[in-house]
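The sequence shown runs 60 to 514 under the working numbering.
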Amino acid sequence: MNKSVQLTWLWCVCMALSACGDEAPTPIDPPVTGYQQYGTPFSGVPAVEDMVMYEVNLRGFSSGGNLQGVISRLDALKKLGVNVIWLMPIHPIGTVNSVNSPYAVRDYKAIGAEYGTLSDLRALTDQAHARGMAVIMDWVANHTAWDHPWTVANKSWYTQDAAGAITHPAGTNWMDVADLNFDNPQMRAAMIDAMRYWMLEANVDGYRCDYADGVPVDFWTEALATLDTLPDRQGIWLAEGGRRDHFTAGFDMIYAWDYYDRLKRIYAGEPATSLYATHVTEYSSLPSGKHRLRYTTNHDQSAWENTPMVLFNGKAGALGASVCAVFMEGVPLFYTGQETGRVSTLPFFSNSPVNWDENPDMQAAYAAMMAVYTRSDAARKGTLASYADSDVVCFEKTLGTSRLLVMVNVRNTDQTLVLPAFLRNTTWTDALTGSAVTLETSVPLAPYQYLMLEK
Numbered sequence: 060m061n062k063s064v065q066l067t068w069l070w071c072v073c074m075a076l077s078a079c080g081d082e083a084p085t086p087i088d089p090p091v092t093g094y095q096q097y098g099t100p101f102s103g104v105p106a107v108e109d110m111v112m113y114e115v116n117l118r119g120f121s122s123g124g125n126l127q128g129v130i131s132r133l134d135a136l137k138k139l140g141v142n143v144i145w146l147m148p149i150h151p152i153g154t155v156n157s158v159n160s161p162y163a164v165r166d167y168k169a170i171g172a173e174y175g176t177l178s179d180l181r182a183l184t185d186q187a188h189a190r191g192m193a194v195i196m197d198w199v200a201n202h203t204a205w206d207h208p209w210t211v212a213n214k215s216w217y218t219q220d221a222a223g224a225i226t227h228p229a230g231t232n233w234m235d236v237a238d239l240n241f242d243n244p245q246m247r248a249a250m251i252d253a254m255r256y257w258m259l260e261a262n263v264d265g266y267r268c269d270y271a272d273g274v275p276v277d278f279w280t281e282a283l284a285t286l287d288t289l290p291d292r293q294g295i296w297l298a299e300g301g302r303r304d305h306f307t308a309g310f311d312m313i314y315a316w317d318y319y320d321r322l323k324r325i326y327a328g329e330p331a332t333s334l335y336a337t338h339v340t341e342y343s344s345l346p347s348g349k350h351r352l353r354y355t356t357n358h359d360q361s362a363w364e365n366t367p368m369v370l371f372n373g374k375a376g377a378l379g380a381s382v383c384a385v386f387m388e389g390v391p392l393f394y395t396g397q398e399t400g401r402v403s404t405l406p407f408f409s410n411s412p413v414n415w416d417e418n419p420d421m422q423a424a425y426a427a428m429m430a431v432y433t434r435s436d437a438a439r440k441g442t443l444a445s446y447a448d449s450d451v452v453c454f455e456k457t458l459g460t461s462r463l464l465v466m467v468n469v470r471n472t473d474q475t476l477v478l479p480a481f482l483r484n485t486t487w488t489d490a491l492t493g494s495a496v497t498l499e500t501s502v503p504l505a506p507y508q509y510l511m512l513e514k
């Protein structure tokens with residue numbers, strides 16, 4: 060048992076003992092930590108504009124539902140162009156008022172037995188780093204499980220009602236979790252200490268911060284500033300939120316909720332021109348170097364709403380929607396099994412393994428799409444221009460002399476895109492096939508077809 064584990068164990072024992080007897084428990088300071096840096100901090104963290112993120116639902120990612128299952132598929136993720144792996148919460152799950160959600164954390168400094176061990180997590184970060192991929196963890200700061208030791212030993216660390224009872228997060232139906240009190244400096248210190256733990260002891264590269272809008276901006280500012288002092292590191296900070304002050308706090312990315320909602324509505328019949336308008340609104344006044352996370356699904360959508368195969372009407376529609384989400388602008392996100400064309404919803408309160416042998420043609424199409432994205436500087440960093448059409452999303456990315464022209468038919472019927480005058484009679488290369496393409500006055504597109512042409 061290393062020193063930090065011993066200290067944590069002693070702290071938990073003290074908290075348990077303090078709960079005995081008739082007297083109210085006395086708040087206990089977080090342990091004095093002496094964490095050691097495991098391995099070498101990863102020097103290959105990509106710039107935000109170059110990131111391709113993959114969210115791993117461990118319970119769906121492999122039959123074992125564990126960290127080893129992720130290690131076994133690292134090469135497949137690399138083939139998809141992924142360079143940042145986001146692990147959904149891997150901590151022990153609370154059992155009081157439980158729905159078996161990984162977002163009900165019972166111990167911030169432990170790994171749930173169903174997922175593996177610290178050695179497994181270290182092996183994952185080691186092997187991901189060796190392949191040029193960063194690893195971030197999902198951090199649940201707003202609340203804990205009801206049987207987290209803090210609820211007994213440090214009741215003042217939680218929000219309480221007029222009767223002094225700990226409450227669930229206000230304005231939610233999350234009855235399985237207890238709301239934390241960010242007015243308490245000891246709780247804040249313990250939270251930041253736990254975040255430091257994984258970056259040092261497991262060499263993870265940053266965090267996706269759950270329900271970031273529910274946590275005060277001054278906490279995020281303090282936490283990220285502290286983590287940024289860790290030597291020889293470039294942290295990755297993703298806020299699940301839409302507040303602009305997340306950028307002031309130090310986050311690199313926030314969510315593109317409006318873009319996702321608009322994309323669904325366009326595939327349901329709204330004019331395609333509205334997608335660019337939503338993009339402009341989301342990116343207006345965004346600080347330099349900061350981005351939105353763009354996706355066609357994530358763990359909430361695939362569990363509670365539907366999968367891309369349903370929302371976008373099959374393989375062709377799901378692929379075309381991904382082209383819109385990936386190439387217009389932002390940090391692309393893929394979610395567990397998305398590339399397999401899974402039709403049924405994917406839970407995360409229970410195990411439901413993805414069939415990785417399903418739809419190999421779709422998996423190949425995603426890999427080909429992302430090969431274009433990862434090799435094209437224009438795709439990732441180019442200046443965006445949009446060409447209006449009601450039924451086809453059409454835009455161009457330009458960087459220096461490099462150009463990438465993208466067209467996506469968002470209808471389940473044949474469409475003919477009439478080209479602007481300056482694109483007529485121009486010759487391009489099909490980015491997916493390498494064949495020459497000469498544009499005339501219009502381009503015919505089959506239902507949900509997409510084209511990517513480059514110069």
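Backbone N, C-alpha and C define an ideal beta-carbon position, used for all residues, glycine too.
query = Any idea which residues DSSP pairs HIS350 with across the strands?
reply = MET312
inquiry  = Using 8 angstroms for Cβ pairs, my map puts ASP264 next to ILE295. What's the rounded Cβ distance?
reply    = 5 angstroms
ask   = Based on the DSSP output, what are the partners of ARG462 in its beta bridges?
value = THR457
message = For CYS247 and TRP205, what's the separation of their Cα atoms in angstroms?
response = Per the sequence shown, the amino acid found at residue 247 is Arg instead of Cys. Using only the alpha carbons, I get a separation of about 18 angstroms.
inquiry  = What ranges does the beta strand (DSSP E) occupy inside the stretch 360-389, keeping only unbroken runs of at least 3 residues that lie completely in it?
reply    = none
query = Within the present structure, is the beta-carbon of THR203 separated from the nearest heavy atom of the ligand NAP by less than 6 angstroms?
reply = In terms of ligand content, the structure shown is empty, and the ligand NAP therefore cannot be addressed.
Neighbourhood of GLY301 by C-beta, 7 angstroms cutoff - its chain only, sequence neighbours within 5 removed = ASP272, ILE313, TYR314 and TRP316
ask   = Using DSSP with H/G/I as helix, E/B as strand and the rest coil, what is ALA261?
value = coil
key: LEU239 vs HIS202 beta-carbon contact at 7 angstroms   = yes
task = Kindly indicate the opening and closing residues of the beta strand (DSSP E) around THR497.
result = 495-498
request  = Write down every uninterrupted run of the beta strand (DSSP E) in the stretch 118-169 whose length is 3 residues or greater and which is fully enclosed by it, in chain order.
outcome  = 143-146
ask   = Starting from TYR113 and walking both ways along the alpha helix (DSSP H), at which residues does that stretch end?
value = That residue, TYR113, is in no alpha helix (DSSP H); its beta strand (DSSP E) goes 112-115.
task = Express the C-alpha separation of GLY389 and GLU341 in angstroms, rounding to a whole number.
result = 10 angstroms
Which listed residue (GLN397, TYR509 and LYS456) has its alpha carbon closest to that of GLY119 = GLN397
VAL467 in three-state terms, based on DSSP = strand
query = From this set, HIS227, LEU352 and ASN156, which residue's C-alpha is nearest VAL111's C-alpha?
reply = LEU352
query = Considering only residues of the same chain and omitting the five flanking positions on each side of GLU513, which have a CB-CB separation below 6 angstroms?
reply = LEU463, THR488 and ALA490
key: Buried or exposed (CB count within 10 angstroms, at least 16 for buried), ASN116   = buried
query = Roughly how many angstroms separate the alpha carbons of THR366 and THR332, rounded to a whole number?
reply = 24 angstroms
query = Nearest-angstrom Cα distance between VAL451 and GLN474?
reply = 8 angstroms
query = Which whole-angstrom value is the C-beta distance of LEU516 and SER501, which I expect to be below 8 angstroms?
reply = No answer is possible for residue 516: it lies beyond the span of the chain, which begins at 60 and ends at 514.
ask   = What's the gap between the Cα of GLY400 and the Cα of SER121?
value = 16 angstroms
query = Do the stretch 167-183 and the stretch 219-232 make contact, defined as three or more Cβ pairs closer than 8 angstroms?
reply = no
task = Leaving aside the five residues before and after ARG190 along the sequence, list all residues of the same chain whose C-beta is less than 7 angstroms from its C-beta, in chain order.
result = LEU133 and LYS137
ask   = If you compare alpha carbons, which of TYR270, TYR162, MET196 and MET466 is closest to LEU504?
value = MET466
key: Coil, strand or helix - PHE393 by DSSP   = strand
request  = Report yes if the CB atom of ASP269 is closer than 7 angstroms to the CB atom of VAL199, and no otherwise.
outcome  = yes
message = Give me the residue from TYR394, LEU334 and THR404 with the minimum Cα distance to MET387.
response = LEU334
ask   = Based on the DSSP output, what are the partners of TRP487 in its beta bridges?
value = VAL496
ask   = Considering only the beta carbon of each residue, do GLY103 and ASN262 sit closer than 7 angstroms?
value = no
ask   = Since SER413 is in the beta strand (DSSP E), which residue starts that stretch and which ends it?
value = Correcting the residue type first, residue 413 is Val in the shown sequence and not Ser. Segment: none, VAL413 is in no beta strand (DSSP E) and carries neither H nor E.
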